[in-house]
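Numbering (the UniProt record's numbering), first residue to last: 1 to 62.
Glycine included, each C-beta is placed from N, C-alpha and C at the ideal position.
Note that the structure is a prediction, hence the values are computed from the model and not measured.
Following: one structure in structure tokens, then a few remarks.
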Amino acid sequence: MAWHVSTRSGNGGGNCVEAGPVLDGSGRFAVRDSKDRTGPTLLFPAADWTAFLTDLRAGRFA
Numbered sequence: 001m002a003w004h005v006s007t008r009s010g011n012g013g014g015n016c017v018e019a020g021p022v023l024d025g026s027g028r029f030a031v032r033d034s035k036d037r038t039g040p041t042l043l044f045p046a047a048d049w050t051a052f053l054t055d056l057r058a059g060r061f062a
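As structure tokens, then:
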């Protein structure tokens, strides 16, 4: 699995989430806390993850 961290994440605090595609052919995306990489992982269907990113980029969570 290839995890990605937002370019908007700061360098110092470690308050980041990591996200990436699940490589099992399901099309799901996984999200985890960068401070606890062995902790729980949230899984989202691709359509839900895409809708979330679209709304995030549109500023709907400001």
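- Sixteen is the threshold: when 16 or more other Cβ atoms of the shown chains lie within 10 Å of the Cβ of ARG32, as they do, the residue is buried.
- Secondary structure note for ASP48: it is in no beta strand (DSSP E), and the uninterrupted alpha helix (DSSP H) holding it is 46-57.
- Comparing C-alpha distances from ARG28 to each of ASP55, PRO45, CYS16 shows the shortest one belongs to PRO45.
- A distance below 8 Å between beta-carbons, with the five flanking residues on each side excluded, links LEU42 to the following residues of its chain, in chain order: ALA30, VAL31, ARG32.
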